[in-house]
Amino acid sequence: MHLSRPARVALRVAACLGFAVVYVPLALVLLNSFSTDRSASWPPDGLTLHWWSVAWDNAGARSALWVSVKAGLGATAVAVVLGTLIAFAVARHRFFGRDTVSFVVVLPIALPGIVTGIALNSAFSTVLEPLGIGLGMFTVVVGHATFCIVVVFNNVVARLRRTSGSYEEAAMDLGAHTFRAFVDVTFPMVRSSLLAGALLAFALSFDEIVVTTFTAGPGVETLPIWIFNNMTRPQQAPVVNVLAAVLVLLSVIPIYIAQRLSADTAASSRV
Numbered sequence: 001m002h003l004s005r006p007a008r009v010a011l012r013v014a015a016c017l018g019f020a021v022v023y024v025p026l027a028l029v030l031l032n033s034f035s036t037d038r039s040a041s042w043p044p045d046g047l048t049l050h051w052w053s054v055a056w057d058n059a060g061a062r063s064a065l066w067v068s069v070k071a072g073l074g075a076t077a078v079a080v081v082l083g084t085l086i087a088f089a090v091a092r093h094r095f096f097g098r099d100t101v102s103f104v105v106v107l108p109i110a111l112p113g114i115v116t117g118i119a120l121n122s123a124f125s126t127v128l129e130p131l132g133i134g135l136g137m138f139t140v141v142v143g144h145a146t147f148c149i150v151v152v153f154n155n156v157v158a159r160l161r162r163t164s165g166s167y168e169e170a171a172m173d174l175g176a177h178t179f180r181a182f183v184d185v186t187f188p189m190v191r192s193s194l195l196a197g198a199l200l201a202f203a204l205s206f207d208e209i210v211v212t213t214f215t216a217g218p219g220v221e222t223l224p225i226w227i228f229n230n231m232t233r234p235q236q237a238p239v240v241n242v243l244a245a246v247l248v249l250l251s252v253i254p255i256y257i258a259q260r261l262s263a264d265t266a267a268s269s270r271v
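Residue numbers are given in the UniProt record's numbering: position 13 of the sequence shown equals residue 13, and the series is strictly consecutive.
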């Protein structure tokens with residue numbers, strides 16, 4: 001599509017404004033984490049690494065970081081297993097209600113987080129508490145897995161739909177059983193998509209706060225919840241800026257790797 005020069009300029013200006021709205025606040029958080037001032041003053045009086053060492057020595061912050069990592073790894077593991085199995089069922093088999101299954105799997109990512117959190121809290125209270133299982137790490141992992149499954153499913157099913165099932169059929173015609181055909185043929189084809197989905201699932205779980213609030217229970221505090229609980233305390237403001245910067249960086253890394261993997265997968269599928 002050919003655009004006039006004024007239209008191209010207008011689109012570029014609009015794009016720059018949009019990126020500025022998103023990324024300038026993030027850059028300010030990162031800069032404030034190095035500021036010598038306890039308040040978010042502008043411009044900063046100077047730069048220092050002092051608050052990073054203070055944040056590292058904060059036992060509550062370190063504990064919250066570890067809780068977030070454990071919850072993310074647990075939710076990612078569940079999402080990889082269930083999301084991959086559902087993707088293979090939808091992409092490789094025909095059965096009644098297949099489209100309905102796809103819709104039900106994808107729906108949680110579109111629901112408001114507060115609705116999902118309230119529903120899960122009610123379900124856990126009704127089903128698990130009579131069995132002696134209260135809100136804790138287990139319920140956080142289950143809650144996060146409900147929306148992490150979506151990204152794994154979408155990545156794997158997209159790759160499978162671009163890959164003919166004749167490869168597995170040829171392997172089995174040559175004597176390979178189902179598991180051997182999966183290991184030698186299918187898994188190498190979906191490996192990058194699966195890894196990309198797992199990285200995105202971990203990133204989603206790591207910075208989730210709304211669903212976590214309803215499923216964590218007492219004694220389970222993830223890093224986003226710790227930041228939210230301490231951001232109004234003046235003495236903790238510099239530490240909150242540091243942890244917010246860490247949260248951004250730890251979320252960017254898996255998303256960037258997943259984007260690169262998805263781009264490489266798309267390029268290889270066109271070859």
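Cβ coordinates follow ideal geometry from the N, Cα and C atoms, glycine included.
Using three-state DSSP, classify residue i as helix, strand or coil.
i	result
residue 47	strand
residue 53	helix
residue 4	coil
residue 166	helix
residue 271	Because the pLDDT of residue 271 is 46, which lies under 50, any placement of that residue in the model is unreliable, and the question is left without a value.
residue 251	helix
residue 13	helix
Can you tell me where the alpha helix (DSSP H) holding residue i begins and where it ends?
i	result
residue 233	Premise fails: residue 233 is in no alpha helix (DSSP H) and is neither H nor E.
residue 77	59-92
residue 118	113-127
residue 108	98-110
residue 202	187-206
residue 216	Element bounds for residue 216: n/a, residue is neither H nor E.
residue 150	137-161
Smallest Cα separation from residue i: which of the options?
i	options	result
residue 67	202, 55 and 221	221
residue 136	214, 96 and 87	214
residue 208	239, 191 and 146	146
residue 82	251, 227 and 198	198
residue 243	166, 227 and 189	227
residue 216	122, 186 and 233	122
residue 23	50, 252, 6 and 60	252
residue 254	4, 69 and 19	69
residue 79	257, 154, 113 and 182	154
residue 219	60, 158 and 96	60
residue 163	179, 188 and 180	188
Would you check if the distance between the CB atom of residue i and the CB atom of residue j is smaller than 7 Å?
i	j	result
residue 161	residue 91	yes
residue 89	residue 148	no
residue 64	residue 205	no
residue 261	residue 196	yes
residue 116	residue 211	yes
residue 100	residue 124	no
residue 74	residue 141	yes
residue 230	residue 236	yes
residue 84	residue 156	yes
residue 239	residue 32	no
residue 109	residue 150	yes
residue 120	residue 143	yes
residue 185	residue 171	yes
Could you check how far apart the C-beta atoms of residue i and residue j are, in whole angstroms? I think they sit under 8 Å.
i	j	result
residue 245	residue 30	5 Å
residue 36	residue 47	7 Å
residue 86	residue 105	6 Å
residue 194	residue 224	Residue 194 to residue 224, Cβ: 26 Å. No contact.
residue 49	residue 34	7 Å
Comparing the C-beta of residue i with each C-beta of chain B, is any distance below 7 Å?
i	result
residue 225	Among the chains in the structure shown there is no chain B, since it carries only a single protein chain.
Any heavy atom of the ligand ADP inside 6 Å of the beta-carbon of residue i?
i	result
residue 15	The ligand ADP is not part of the structure shown, which contains no ligands of any sort.
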